[in-house]
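S.K.: At position 448 of the sequence shown (counting the first as 1) the number is 449 in my numbering, and the numbers step up by one without a gap. Note that the Cβ used here is the ideal one computed from N, Cα and C, for glycine as well.
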Amino acid sequence: MTSSPASPLISIVTPVYNTPLYALEECIASVFAQTYTNWQLCLVDDLSPRQEIRDFLARAAKQDPRVVVSHRATNGGIVAASNEAVALAAGDYIGLLDHDDVLEPDALAEVVAALHADPSIDYIYTDEDLLTQDGTMRDPFRKPDWSPERFRNQMYVCHFSVIKTSLLRQVGGFRIGFDGSQDYDLMLRVTEQAHKVHHIPKILYHWRIVDGSVAADPTAKPYAYLAGQRAIEEHCHRVGIAADISPVTALPGNYRVVRQDDPDIPPITALLVDTGLESSVWGDQRRHAPETAFHLRHMSTFRNLMIDVRAQGSQSRTEVLNRTVQECSTEFIVLASEALAVETHNWCEILYGFARQADVGMVAPYLWTANSRLFHAGYLLRPHCIETAGARINKPFTGFRAVFKSDREVTALGTFCTMIRREAFLKVGGFDTSLPEPYASADLSLRLWHHGYRVVVTPQAHMWCFEDNNDLSRGRHRMTDEFRRRWPREVEHDPYAGLPPENEKCEPTKPKWTPQKLQDFI
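1) Taking 8 Å as the cut-off, decide whether the C-beta atoms of residue 275 and residue 251 are in contact.
2) Relative to the C-alpha of residue 17, which candidate in 126, 513, 70, 175 has its C-alpha closest?
3) If contacts are defined as beta-carbon pairs under 8 Å, then residue 375 and residue 391 qualify, I think. What distance do you get, rounded to the angstrom?
4) According to DSSP, is residue 523 part of a helix, a strand, or is it coil?
5) For residue 377, report the span of its beta strand (DSSP E) as first-last.
6) Which residues bound the beta strand (DSSP E) around residue 205?
7) Taking DSSP's pairing of strands, which residues face residue 388 in a bridge?
8) If you follow the alpha helix (DSSP H) that residue 354 is part of, which residue opens it and which one closes it?
9) Please confirm if the stretch 55–71 is in contact with the stretch 135–144, defined as three or more CB-CB distances below 8 Å between the two stretches.
10) Candidates 77, 343, 316, 263: which alpha carbon is nearest residue 434's?
11) Less than 8 Å separating the beta-carbons of residue 194 and residue 109?
12) At what residues does the beta strand (DSSP E) containing residue 11 begin and finish?
13) Leaving out five residues before and five after residue 472 in sequence, what residues of the same chain have Cβ atoms less than 8 Å from its Cβ?
14) Among 325, 401, 25, 259, whose alpha-carbon lies nearest the alpha-carbon of residue 58?
15) Apart from the five residues on each side of it in sequence, which residues of its chain come closer than 6 Å, Cβ to Cβ, to residue 270?
16) Please report the residue range of the beta strand (DSSP E) in which residue 285 lies.
17) CB residue 47 to CB residue 77, shorter than 8 Å?
18) Taking the alpha helix (DSSP H) that residue 143 falls in, what are its first and last residues?
19) Entirely within the stretch 84–172 and at least 4 residues each: give me those alpha helix (DSSP H) ranges in chain order.
20) Using the rule of at least 16 other Cβ atoms within 10 Å of the residue's Cβ for burial, across every protein chain shown, is residue 515 buried or exposed?
21) Which residue marks the beginning of the alpha helix (DSSP H) containing residue 319, and which one marks its end?
22) Whose C-beta lies closer than 7 Å to the C-beta of residue 474 among residues of the same chain, with five residues either side of it excluded?
23) Following the continuous beta strand (DSSP E) through residue 334, name the residue where it begins and the one where it ends.
24) What residue from 90, 196, 74, 61 has the CA that sits closest to residue 116's CA?
25) Going by other Cβ atoms of all chains shown within 10 Å of its Cβ, with 16 needed for buried, is residue 154 buried or exposed?
26) Run the proximity test for residue 114: is its beta-carbon closer than 7 Å to any non-hydrogen atom belonging to the ligand GTP?
27) How would you label residue 91, buried or exposed, when you count the other beta carbons within 10 angstroms and need 16 or more for buried?
28) What separation, rounded to the nearest whole angstrom, lies between the Cα atoms of residue 42 and residue 30?
29) Drop a sphere of 10 angstroms on the beta-carbon of residue 257, count the other beta-carbons inside from all chains shown, and report buried for 16 or more, exposed for fewer.
30) Would residue 181 count as contacting chain C if we go by Cβ distances under 8 Å?
31) Mind reading off the beta-carbon distance from residue 360 to residue 497? Whole number of angstroms is fine, and I expect it under 8 Å.
32) Just checking my contact of residue 124 with residue 191 at CB under 8 Å: how many whole Å lie between their CB atoms?
33) Which residues in the same chain as residue 379 place their Cβ atom closer than 6 Å to its Cβ, once the five residues preceding and following it in sequence are excluded?
34) In angstroms, rounded to a whole number, what distance separates the CA positions of residue 341 and residue 201?
35) Does the structure place the stretch 170–187 close enough to the stretch 418–436 that three or more beta carbon pairs sit under 8 Å?
36) Count the other CB atoms within 10 Å of the CB of residue 495; is the residue buried (16 or more) or exposed (fewer)?
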């Protein structure tokens, strides 16, 4: 086995313990089936009680010299077995494969193609799905691009993960005491140090559902979630986020990361543009701008919030906001709709907890209509439209993989109740006033991304928004040629939408997985 920049050696590490023989054979055979051939498979048996496991591993090693097998003299658990497998790895990169899961034949080829395109990548993750006992592939998990906020809430990157070997060893490998969440703990440390994290938006890994596994029953390993909580706590300490971490008991494997209040929050300005909007809300006629100003001032726990209401006059809202941000003296500003009401009283402190991170350019809460339907939690970009993520869902709805209960990065935000860093706003040039809404806000968001800032939404804070209260079609806006011209890549494939690339055929029913055996590769 040799390695070169053109053909890096990928070492796949797989700890083995008492695996059903058919699943172990399919797992190893899926590596033999790789179209990219410069790989090494490191198998460590953690003293399985069944002799047939040891015999089968010996057979695999005899069949292909790229297979390296080690047998532990004692049962040390998954962390010890995983570290021993890492010690066997000779490759430039290490891929993590569970002993009963399978890889798509082009998994390693896709990884190497990404590394060729950008050699600065230190960590790669791919999309995945679940594999049932009868070979059905279901529940495809189309992941977002790298989302550190969501990753603090849940171990979404999971399978298939490939890490630069030098980085994995630099951070200390797998840690004892994190059994069940050893991968989560490792990836938290890896991503803290990685130069670049890359997502391949293709399903290249099939996670097998077997009795006793988390894939079959999320409550199967409660100890794993306690380890996960501790991993996040230590991660937050390392990166300087003062936060309280707690598990979401109704959603095993999900966590709440609540930033601790900063006693020295600087003054914050909320900017409203008064257009004279009025409407009936909950049976009462509401003159929105003065009511919103009153609500923000008296229903918010943050007492250093300054309210600045500007008349629209003959200018557009974005023109007024551009001018007002220029005149503003505070470091943090809330660009607010004139038609808001407070639900989460400490909303300002919550948003500031995110906004004070130097690389966050915008952060927003969830906004709800008067009839408790989602009004705004970020935009999705599609080739034919801009639409509100989760438009019209009700509050209890969690979304696939609890996406709507997670803090997360989004490609674009509206400016209905959005905290921005004034410096970042001015650095990117503010709103392009030639664009109407929502394109102006989406364009601002994308320019922040391209200047190295993140755009975040959090379900920890909630507000009511009464703009176009009776027009739920507001959730979708036809894509314009001008916006598509400016942002062709993002319009073609929104990196945070959790959707397959537009050019990838999405079949309603996939053929079943075809089991393979070692004899197929003799």
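M.R.: The answer reads as follows:
1) Not a contact, by the Cβ cut-off of 8 Å.
2) The shortest Cα separation from residue 17 among 126, 513, 70, 175 belongs to 70.
3) 5 Å
4) Assigned with DSSP and collapsed to three states, residue 523 falls in coil, not helix or strand.
5) 375–377
6) Residue range 198–209 is occupied by the beta strand (DSSP E) that includes residue 205.
7) 381, 477
8) 348–356
9) no
10) 316
11) no
12) 11–17
13) Since pLDDT at residue 472 reaches only 46, below the 50 mark, its modelled position is unreliable, and the value read off the structure follows with that caveat. Once the five neighbours on either side are set aside, residue 472 has no close Cβ partner at all.
14) Answer by Cα proximity: 25.
15) A distance below 6 Å between beta-carbons, with the five flanking residues on each side excluded, links residue 270 to the following residues of its chain, in chain order: 307, 309, 329, 331, 334.
16) 285–288
17) yes
18) That residue, residue 143, is in no alpha helix (DSSP H); it is neither H nor E in DSSP.
19) Taking only runs of at least 4 residues, the alpha helix (DSSP H) segments lying wholly in the stretch 84–172 are 108–118, 149–154, 166–171.
20) By the neighbour-count rule (16 or more Cβ atoms within 10 Å), residue 515 is not buried but exposed.
21) Per DSSP, residue 319 belongs to the alpha helix (DSSP H) from 318–328.
22) Because residue 474 sits at a pLDDT of 45, beneath the cut-off of 50, its placement in the model cannot be relied upon, and the following sentence gives the value as read from the coordinates. There are no such residues.
23) 333–337
24) 196
25) The residue in question, residue 154, is buried, as its Cβ has 16 or more Cβ neighbours within 10 Å.
26) The ligand GTP is absent from the structure shown, which contains no ligands of any kind.
27) exposed
28) 11 Å
29) Its Cβ being crowded by 16 or more others within 10 Å, residue 257 is buried.
30) The structure shown contains no chain C; it holds only a single protein chain.
31) Not a contact, Cβ separation roughly 16 Å.
32) 5 Å
33) 390, 411, 414, 458
34) Straight through space, the alpha carbons of residue 201 and residue 341 are spaced by roughly 39 Å.
35) no
36) buried
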